[in-house]
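Here the sequence shown stands for residues 0 to 402, numbered as in numbering that gives the first Met the number 0. Below: one structure, written as C-alpha cells.
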Amino acid sequence: MDADILIAGAGPAGLAAGLALGRLGKRVVVAGPADDRPSARTVALFDGSVRFLAALGVWDRIAPRAAPLATMRIVDDTGSLFAHRPTDFKASETGLEQFGFNIENADLTRALEAALAEERNARRRHDLVTGYDFEAERCRVHLADGETIEAHLVVAADGRASPARQAAGIGMREWAYPQVAFTALLDHTVAHGDASTEFHTREGPCTFVPLPATDTAPHRSSLVWMMRPAHADPLRALSDADLARAIEKQNHYLLGKITLARRGAFIPIQGLTARAMTAPRLALVGEAAHVFPPIGAQGLNLGLRDVAHLAEYIERLQPEDAGAPHVLDAYERARRGDVLSRQIAVDLLDRTLLAGFLPVDVLRAAGMAALTAIAPLRRFAMREGVLPGVGAPSVMRRPDQHP
Numbered sequence: 000m001d002a003d004i005l006i007a008g009a010g011p012a013g014l015a016a017g018l019a020l021g022r023l024g025k026r027v028v029v030a031g032p033a034d035d036r037p038s039a040r041t042v043a044l045f046d047g048s049v050r051f052l053a054a055l056g057v058w059d060r061i062a063p064r065a066a067p068l069a070t071m072r073i074v075d076d077t078g079s080l081f082a083h084r085p086t087d088f089k090a091s092e093t094g095l096e097q098f099g100f101n102i103e104n105a106d107l108t109r110a111l112e113a114a115l116a117e118e119r120n121a122r123r124r125h126d127l128v129t130g131y132d133f134e135a136e137r138c139r140v141h142l143a144d145g146e147t148i149e150a151h152l153v154v155a156a157d158g159r160a161s162p163a164r165q166a167a168g169i170g171m172r173e174w175a176y177p178q179v180a181f182t183a184l185l186d187h188t189v190a191h192g193d194a195s196t197e198f199h200t201r202e203g204p205c206t207f208v209p210l211p212a213t214d215t216a217p218h219r220s221s222l223v224w225m226m227r228p229a230h231a232d233p234l235r236a237l238s239d240a241d242l243a244r245a246i247e248k249q250n251h252y253l254l255g256k257i258t259l260a261r262r263g264a265f266i267p268i269q270g271l272t273a274r275a276m277t278a279p280r281l282a283l284v285g286e287a288a289h290v291f292p293p294i295g296a297q298g299l300n301l302g303l304r305d306v307a308h309l310a311e312y313i314e315r316l317q318p319e320d321a322g323a324p325h326v327l328d329a330y331e332r333a334r335r336g337d338v339l340s341r342q343i344a345v346d347l348l349d350r351t352l353l354a355g356f357l358p359v360d361v362l363r364a365a366g367m368a369a370l371t372a373i374a375p376l377r378r379f380a381m382r383e384g385v386l387p388g389v390g391a392p393s394v395m396r397r398p399d400q401h402p
C-alpha cells in the first residue's frame, strides 16, 4: 500500500483529518489544491472544536487570529406582536470564559497547512483527485498528474459535490430554501464586546460575529445576512458605501458606522445530507456528508466532530486496516444521530422565521421566554448548542462531561 489513508480535499476538515490520523501513526496522504485566499467567510469554532484543535497541537497557531465569543445575543426582529425581548446567553453561565472563537477561513486554513507540513506521517499532494477504483481490500486513487495511490481508506472531505461520494454510489437528499446569504467582513466604530448578535428576521437570521482587532481596525466583525432573493437583487447593485448604510440600518446601528472591509458573495441556501456516511473503503466528513444553512455555526463544528469520531474509532479499535468494515460501521453509528439532530434543529429554526404564522410566533416567543426564565433549561440549551455532551467525541468533551 502507498498509504493507509488518503484524504480527498484540503479544506479545514480535510487538513484536520490529516493531522488527526497522522498522529495515530497512520501513513496519510492529503490530496487537493490549497485554498487560503482571502475571502469574506469566517468560522465560529465552538469549545469542543477548540479542544480538538488544541489536542492536535495547532490551536496556538490559530489563537492569535481569533476573537473570543463570550456572549451570544438573540434579537427578535420579526416585527411580531409576540416578539421576545433581546436575550443574552453568556458563556460564564456554563463555566466557560467563551463559547468559542471566530476566525477567518483563510487564517484557519493557513494554520492547518503549516501544522500538517510538520506531521511526519502525512504527505501533502496539491493535485486534484480525478478518479477512484473502490475494491474489496483497497481503493486506487488517481491524481491529476497521472499518479495512482493505493490506500486502505479514503476520507472524503471534498465538499458538497463530493466526487468520492458519487464514485462510491452514495445517494443524497438535497433541498433548497427561498433564501440567499450575503457574507462580508466589517470595520465599525462601536466595540462588539466579544458578543455575537443574531437578528431573527422574517427573511432569516442576520448575524454579526466578532473578529480580532488589527493595527488599522480596532473594531471588526463578520456578517452572515440571510434574506429572500428579491431583497438581495437591489443590494447587489449598491456601492460599498451604500451597502454599509443598509447593513447599519439592518442591525439598528448596533455597531455604529460600518465600513465594508471585504465584500463577499450572495450564496443560495441549500441543504444536503448523504444517505450514508460510509461505503466500502470510504468515510465521508464535513460537507461531503452534510450541508446546512449558516445558522448556529454548525457547519465546520459538525465536520470536525466527524473527523474526531473517525480518529477515535480508528485509535480505539486499533485496526491494521483503517478501512475495515467494523471501523466504518462504528463511525456510521456514532455520527448519524448527531447529524440528524443538528439538521432538524437548524431547519426548524429557519422555517419558523420564514413562516410568518401567528401560532408559530407564539411558540417561538414562548420558547425564548422559557430559556430566559428557567436557568437549568437555559444551561442545557447552551451546552447542547455548543458543547454537546451526548455522543460527542472524547477529545472534544470538557472534564465534567466525561463518564
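Using N, Cα and C, we set each Cβ at its ideal position, and we do this for glycine too. Computed from a prediction, not measured in an experiment: that's the story for all the values here.
Taking only the alpha-carbon atoms, compute the straight-line gap between residue i and residue j and give it to the nearest angstrom.
i      : j      : result
GLY152 : ARG119 : The identity of residue 152 in the sequence shown is Leu, whereas the question assumes Gly. Cα to Cα, LEU152 sits roughly 19 Å from ARG119.
ARG123 : ALA116 : 7 Å
GLU112 : PHE88  : 34 Å
THR86  : GLN97  : 17 Å
ALA105 : GLY255 : 27 Å
ASP214 : LEU271 : 40 Å
ALA310 : LEU237 : 47 Å
ARG262 : SER221 : 10 Å
ALA264 : ARG280 : 36 Å
ARG396 : ALA323 : 27 Å
THR196 : THR93  : 19 Å
ARG219 : GLU103 : 11 Å
ALA62  : ALA53  : 10 Å
Less than 6 Å between C-beta atoms, sequence neighbours within five positions excluded: which residues of the same chain meet that for residue i?
i      : result
GLU331 : MET276 and THR277
ASN300 : PHE45 and SER48
GLU247 : ILE257
GLY8   : GLY31, ALA156 and ASP157
ARG172 : THR272
ASP144 : ASP126
HIS141 : THR129, GLY130 and THR147
Closer than 8 Å by C-beta to residue i: which residues in its own chain qualify, once you throw out the five before and the five after it? Chain order, please.
i      : result
HIS230 : GLU202
ALA321 : ASP3, ILE4, LEU20, LYS25, HIS151, LEU152 and ILE313
LEU55  : ALA15, LEU18, ALA19, ARG22 and ALA114
ASP328 : THR277
Taking 8 Å as the cut-off, decide whether the C-beta atoms of residue i and residue j are in contact.
i      : j      : result
VAL29  : ASP3   : no
HIS187 : ILE73  : no
GLN178 : ARG227 : yes
VAL394 : ARG50  : yes
ARG274 : ILE343 : no
ASP349 : PRO292 : yes
ASP34  : THR108 : yes
GLY17  : ALA160 : no
MET225 : ALA175 : no
VAL154 : ALA110 : no
GLN297 : VAL345 : yes
ALA245 : LEU253 : no
PRO204 : ILE294 : yes
Return the chain-ordered list of same chain residues with a C-beta closer than 7 Å to the C-beta of residue i, the five sequence neighbours on each side being excluded.
i      : result
GLU149 : MET0, ASP1, ARG137 and ARG139
LEU259 : ALA183, LEU185, ASP239, LEU242 and ALA243
LEU95  : ASP46
PRO392 : ARG304, ALA307, HIS308 and GLU311
ARG334 : MET276, ASP305 and HIS308
Any beta-carbon of chain D closer than 8 Å to the one on residue i?
i      : result
VAL128 : Reference to chain D is not applicable here, since this structure consists of a single protein chain.
Say the cut is 7 Å; is the CB of residue i nearer than that to a heavy atom of the ligand PLP?
i     : result
ASP87 : The ligand PLP is not part of the structure shown, which contains no ligands of any sort.
Are at least three pairs of beta-carbons, each pair with one atom in the region 130–141 and one in the region 36–45, less than 8 Å apart? Cβ pair count under 8 Å is below three, so no.
So within the region 129–183, which uninterrupted beta strand (DSSP E) runs reach at least 3 residues, ignoring any that extend past its ends? Every beta strand (DSSP E) stretch that sits fully inside the region 129–183 and reaches 3 residues is listed by chain position as 138–142 and 147–155.
Three Cβ pairs or more, each shorter than 8 Å: is that satisfied between the region 271–290 and the region 185–205? Contact between the region 271–290 and the region 185–205 is absent: fewer than 3 CB-CB pairs across the two stretches fall below 8 Å.
If you pair each beta-carbon of the region 55–67 with each one of the region 208–223, do three or more pairs fall below 8 Å? The region 55–67 and the region 208–223 touch, with no fewer than 3 CB-CB distances between them shorter than 8 Å.
If we require 4 or more residues per run, which alpha helix (DSSP H) segments fall completely within the region 195–266? Scanning the region 195–266 for uninterrupted alpha helix (DSSP H) segments of 4 residues or longer gives 228–235 and 239–249, listed from N- to C-terminal end.
Entirely enclosed alpha helix (DSSP H) segments - the region 50–88, minimum 4 residues: Assignment of alpha helix (DSSP H) within the region 50–88, counting only whole runs of 4 or more residues, yields 58–61 in chain order.
At what residue ranges does the region 278–335 contain a whole run of the beta strand (DSSP E), taking only runs of 3 or more? DSSP runs (the beta strand (DSSP E)) wholly in the region 278–335: 281–283.
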